[in-house]
Structure formats: structure tokens, C-alpha cells
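Report on the structure given below.
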Amino acid sequence: MRMRTTAGKRLPIIVVVLVTLVTGLAAGFWMPDDEFFALRKNFQIFSAVYEELIGGYVDPLDAERLMRSGIDAMLADLDPYTTFIDEADNADIDIITRGQYGGVGLNLDVRDGSIIVLSPIEGTSGYKQGVRTGDVITEIEGRSSDDLSLSDIRGLLRGEPGTVVELTIEREGEPQPLHFVLTREHVRLKNVAHAGYVDLASGIGYIKLDRFARGAEDEVRSALQDLRESGSLNGLIIDLRDNPGGLLDAAVAISQIFVPQGSVIVSTRGRRPETERVYRSKLPPVAPDLPLAVLVNDLTASASEIVAGAFQDLDRAVIVGTTSFGKGLVQIIKPLPYNTSLKLTTSKYYTPSGRSIQSIDYGRHDGRQTAVPDSLQRTHHTANGREVRNGSGIRPDVVVSPGEESDLEAALTRRAGFFFYANHFSAQNDSIQREFVVTDEVMADFRTWLEEEDFTYRTNAERVVDALADDLTESGYTSTGDELAALREAVRAEKQADFVRLDAELKERLRAEILTRYFGTSGQIEASFDHDQQILAAASLLKDRSEYDSILTSR
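Structure, rendered in C-alpha cells:
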């Protein structure tokens with residue numbers, strides 16, 4: 004009986020993998036005889052070890068968990084973008100490729116230990132039924148959020164359109180918890196988060212692109228048309244900061260809105276011949292001469308870098324900000340048995356000048372990652388002959404730092420001080436004007452609220468004084484107590500003055516967060532136009548056409 008049970012467990016495992024192998028070969032997956040022999044040999048060894056462990060190990064083993072451990076160990080030696088997607092996470096593929104999923108339309112995050120709603124997506128069940136930014140989720144489907152991770156809650160909110168999910172939340176200003184029954188539906192994520200004018204009088208437009216999912220090209224074209232209909236468009240800022248990328252085809256389609264027809268936008272090369280492709284612009288550009296400034300930062304990655312790299316190499320835009328992430332690897336999604344998938348790196352992509360922007364070398368296949376050394380970085384040239392380098396992301400033509408965050412601002416951000424005070428403010432004020440500004444009275448209320456919330460933080464100066472005191476004690480200096488006390492008092496005085504010294508910065512941060520409660524993401528983005536240093540630098544550059552042209556033609 005035991006032999007029969009073991010054989011019964013072996014058969015599905017071997018059949019599934021063999022079917023996958025045969026299907027791959029039938030689809031054109033070819034390899035040399037010696038590689039095929041190694042594949043078959045090692046597969047047989049792996050399946051035999053797996054069978055013996057499941058059937059004969061001293062303790063019962065979870066077959067699925069053991070196989071997943073083997074898969075994870077195998078992939079750990081490769082790049083972090085080659086991942087196994089199991090059935091539970093397969094819905095994420097729709098988000099990656101189509102920008103949509105089945106759910107209730109709530110963007111979530113963790114703030115100060117609580118699961119909070121960052122924003123409900125307009126038009127979805129969560130939005131229509133009154134869930135608000137800042138709401139704290141306490142229960143979902145009768146389960147306490149204290150026992151669930153952010154990933155768990157996202158998984159519970161997603162599901163088949165037409166089904167319902169019960170949610171309990173706490174809201175600032177409401178004495179009792181609020182209960183919602185939300186209906187899951189097809190939620191479509193916008194690629195363009197905001198489009199408008201940074202400076203209407205000067206005709207400087209702005210498009211914030213959050214992702215490159217299906218439909219991104221249509222959204223950009225529509226945003227461009229709306230800008231032209233609502234003002235005199237003389238220059239455009241395309242904001243790719245914090246954009247993690249998406250579909251390569253979407254990046255190509257958006258690029259061809261602006262670059263000359265026939266231009267190379269990107270090329271890909273991998274191990275197999277079919278991965279070698281050159282993507283050119285197939286259509287006449289809609290905006291061939293519109294001056295462009297593209298904003299990038301260290302979280303601008305993948306498809307975003309394709310667009311930024313193409314615009315830079317073709318001298319079609321000035322790149323502004325800080326160096327991008329440096330992800331020059333291309334993945335495809337391969338379906339596997341039982342509704343699982345493999346996101347597989349198959350090639351690298353190259354900008355029109357021929358440079359790879361991949362900043363990390365995973366070629367050792369030992370799980371370690373190293374930066375591309377300077378010795379392997381080469382100089383390439385744009386269409387106008389400007390020098391650009393490979394191997395370290397997209398380096399901006401104009402470097403503009405977002406500015407250093409003070410200890411106080413960092414602490415307020417980390418402890419979600421701005422976020423939760425905005426909840427408090429909106430509970431006390433039913434509406435505000437879009438031109439709302441944070442007054443001295445609001446700032447005073449903010450400081451009072453922080454005191455009631457027992458908000459404290461430590462500055463770098465305080466840490467330095469503490470370290471100095473420890474060093475002096477260890478060195479035997481015992482007569483420095485008065486001097487240290489005076490130093491601590493001076494640091495405390497400077498810390499108290501931070502609210503006055505940083506008054507303008509704190510007001511801007513608070514204004515952006517409060518506007519989000521009433522006008523959503525667009526309100527928050529518009530609020531940043533007056534103080535975002537990178538946006539201001541890009542707008543200034545677009546207004547100065549001679550400076551703009553000189554950057555694109557200088558060698």
C-alpha cells in the first residue's frame with residue numbers, strides 16, 4: 004500500500020513537468036543536445052529527490068511548500084525580476100500588464116502601525132460608497148487588521164467582480180466605527196495621474212505618468228489634447244519620478260508621440276535570436292517641436308528609462324532631476340500549469356545610442372549583485388554628438404536635487420504626522436477652497452495637536468552629543484558635566500526653533516496633505532507646483548528657449 008501511495012504522488016508531479024517540457028519544445032524552445040541532456044538529467048535527479056522527501060522523510064512534509072522552497076532557491080541565484088507567481092498572486096499580472104484588477108478600488112499603506120486608506124480610486128465602489136483618504140481599516144471580513152499584513156488585506160479586498168467584502172474602519176471625528184459592504188468590480192488604474200498647467204501664463208504644461216500599462220498612450224494623447232484646448236502650450240514637463248515602469252510596448256507608443264517617425268526608440272538583445280528586436284517610431288509625431296523636460300529620480304525605472312533614454316539620445320528633451328534607477332532588463336510572463344506564471348528576464352534593452360542603462364550586474368548567477376564597474380562603462384553619443392554613459396541609469400542633463408529633508412520633516416513623515424493631522428483637519432472642516440493656504444492659526448493648531456499626540460523625535464545633533472558623552476565617559480573625563488549640559492541645552496533650544504525656522508516648508512507639506520482630503524491626488528500634485536524644486540527648474544528651463552537649446556546642442 005505504501006509503495007502504491009508513493010507512486011500515486013509521483014505521477015502528477017512528473018507528468019506536469021514533462022508536459023511543460025514537451026510543450027516548450029513544441030513551441031520552438033530549442034537547445035543544443037548537450038544542454039538538453041543536462042536539463043533532462045538534472046530534472047530527473049530533482050524529481051527523484053523531491054519524491055523521496057515527500058514519501059520517506061521522518062516527518063510529514065507540505066508538498067506544495069517544499070516545491071515552492073526549491074523554486075525560490077533556484078531563482079535566488081538570478082536577478083530579482085525573475086520571479087515565480089503562484090495562483091494567489093496571479094491577479095497581479097493584470098495590474099502589471101493591463102493596469103486593472105478585480106477589487107474595491109482602495110490604495111492602502113501602513114502608517115504608524117495602522118492600515119490606512121491612501122486614496123479611494125475615483126468611480127470605484129470604495130469611492131462611491133464614501134471611504135475616505137485617511138480612514139483606518141480595523142476589520143475585514145470579520146478579521147482584525149492587527150492580525151493581517153498589508154499584503155493579506157490587499158488580497159482580501161481583491162476578488163471576482165460582483166462579489167462583496169465587508170469592511171470596518173475608524174475615522175477621525177466619528178465616535179463609532181463605520182461599516183461598509185463594498186462590491187468588487189473591475190478597477191482600472193490610471194496611467195496619467197494628473198495633467199494641467201504649471202504656469203498657464205507661460206504655457207508650461209505638465210503630465211504626471213505613474214505607470215506604463217495598457218492604454219497609457221491613449222491617456223497621454225488625451226492629456227496633450229486637453230492641454231492644447233485649455234491654453235497655449237509652449238512647453239511640457241513629463242514627470243516620470245517614482246514611475247516603476249510597465250510594458251515596453253507602452254513606452255514605445257508614448258515615445259512616438261514626440262520623436263520623429265522612423266527613429267529608433269529602443270532595441271533588445273538576449274540569448275535567443277527572437278529577442279533581438281529594434282523598435283522604431285511608426286507614426287508621425289503629434290508634438291514634433293514641443294519643447295520637453297522629463298523629470299527622473301532614483302525610482303524612475305524600466306519602461307520609464309526607455310522613454311527618458313530615447314528622448315535624451317535623440318536630443319528630444321532635457322532630462323532634469325537625479326540619476327534613474329538603472330533597470331535595463333526585459334521580462335516576459337510565461338504561463339505555467341495550475342494558473343501559475345513565471346516572470347522571466349529574457350533580454351536587455353539598449354537606448355538609441357546603443358547604451359545599456361543596467362546599473363547592477365547579476366551575471367555571476369550566485370545570488371550576489373555588483374555595480375557595473377567604471378572600467379565597463381563606455382561613452383556613447385546622442386544624435387547631436389553629446390556624450391552619454393552606459394551602466395548607471397539615465398543621468399540627467401540638468402541635476403536638481405529635491406533638497407535635504409530636515410530631522411523634523413523626516414520625523415513627521417515617518418510618524419505620519421502630516422497625514423493624520425490632515426485627517427483631524429478634514430474632520431473639523433467640511434470644505435475648503437482649492438486656493439487654500441496653511442495660516443499661522445492652522446500651524447498653531449498643528450503644534451497643539453502634535454503635543455496632544457505626544458509627538459517626539461531625536462535630531463542628529465542629539466545623537467552626536469550622546470555619542471560624545473559616551474566617548475568622554477569611556478576615556479575617563481569626569482569633569483565635563485557642565486559643558487555637556489550646556490551643549491544639550493543649546494541643542495534643545497535649536498530644536499525648539501525648528502518649527503519657526505522651517506515654517507514655510509512645514510506649511511507647504513501640510514497644505515499638500517490637506518488638499519488631498521478634498522481634491523484627491525490632483526490637488527496634492529498641484530499644491531507641489533509652487534515649491535517642488537525639480538518642477539520649478541524644469542519650468543524655468545522651458546521658458547528660456549536659448550538655454551534649453553544650448554543644453555541639447557552642447558558637446
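According to the working numbering, the sequence shown holds residues 4 to 558 in order.
Yeah, the Cβ is synthetic: ideal placement off N, Cα and C, and Gly gets one too.
Here the C-alpha atom of threonine 303 lies approximately 5 Å from the C-alpha atom of arginine 244.
Between leucine 539 and alanine 296, the C-beta gap is not smaller than 9 Å, which leaves the two residues out of contact.
Membership of valine 267 in the beta strand (DSSP E) is indicated by the continuous run 267-273. Listed in chain order, the non-local C-beta contacts of valine 255 below 6 Å within the same chain comprise Ile268, Tyr282, local neighbours out to five positions each way being set aside. Rounded to the nearest whole angstrom, the C-alpha separation of isoleucine 156 and asparagine 110 is 11 Å.
The C-beta separation of leucine 159 from valine 168 comes to about 7 Å, placing the pair in contact by the 8 Å criterion. In this chain, glycine 329 is not harboured by any beta strand (DSSP E), its DSSP state being neither H nor E.
Look at leucine 505 here: in three-state DSSP terms it is coil, with no helix or strand label.
Partner residues in the beta bridge of glycine 238, as assigned by DSSP, are Ile207. Along the segment 376-450, the alpha helix (DSSP H) occurs as fully enclosed runs of 4 or more residues at 410-417, 420-431, listed in sequence order. In the structure shown, aspartate 364 adopts extended strand secondary structure according to DSSP, grouped into three states. The Cβ atoms of tyrosine 352 and isoleucine 397 lie no closer than 9 Å to each other. Residue environment: alanine 489 is assigned as exposed (fewer than 16 neighbouring CB atoms within 10 Å of its CB, all protein chains considered). With fewer than 16 neighbouring CB atoms inside 10 Å of its own CB, leucine 153 falls in the exposed class. Spanning the alpha carbons of isoleucine 322 and proline 294 requires a straight line of approximately 12 Å. Taken through DSSP and simplified to helix, strand or coil, isoleucine 554 comes out as helix.
Glutamate 177 carries a coil assignment under DSSP once its states are collapsed to helix, strand and coil. A straight-line Cα-Cα distance of about 43 Å links arginine 275 and serine 122. Counting only runs of 3 or more residues that sit fully inside the segment 55-99, the beta strand (DSSP E) segments are 86-88, in chain order.
Note: glycine 108 is not bridge-paired with any residue in the DSSP secondary-structure output.
Of the residues assessed, lysine 285 falls on the exposed side of the cut-off, its CB having fewer than 16 other CB atoms within 10 angstroms. Look at the segment 102-176 and you find these whole runs of alpha helix (DSSP H), each 4 residues long or longer: 128-131, 153-160. Under the three-state reduction of DSSP output, phenylalanine 183 falls in the strand class. According to the DSSP secondary-structure assignment, tyrosine 353 is paired through a beta bridge with Ser270, Ser359. For leucine 298, the uninterrupted beta strand (DSSP E) segment begins and ends at 295-299.
With a threshold of 16 other beta carbon atoms within 10 Å, arginine 214 meets it and is buried. Under the DSSP definition of a beta bridge, phenylalanine 215 partners with Gly249. For arginine 461, there is no enclosing alpha helix (DSSP H), since its DSSP letter is neither H nor E.
Between the alpha carbons of glutamine 103 and threonine 451 lies a gap of roughly 42 Å. A contact between stretches requires three or more CB pairs, one per stretch, nearer than 8 Å, and the segment 184-199 fails this requirement with the segment 64-80. Non-local beta-carbon contacts of valine 403 in its own chain, meaning distances under 7 Å to residues more than five positions away in sequence, involve Val323, Gly324, Gln536, Gln537, Ala540 in chain order. In this structure, the alpha-carbon of isoleucine 260 lies about 8 Å from that of arginine 224. A check of alpha carbon separations from phenylalanine 328 across Arg466, Glu277, Ala374 identifies Ala374 as the nearest. Take leucine 192, set aside five residues on each side of it, and the residues of its chain with a beta-carbon closer than 6 Å to its own are Gly102, in chain order. Only residues of its own chain outside the window of five on either side were considered, and among them Leu332, Thr348, Tyr365 have a CB closer than 7 Å to the CB of aspartate 82, listed in chain order.
The DSSP-derived three-state label of threonine 303 is coil.
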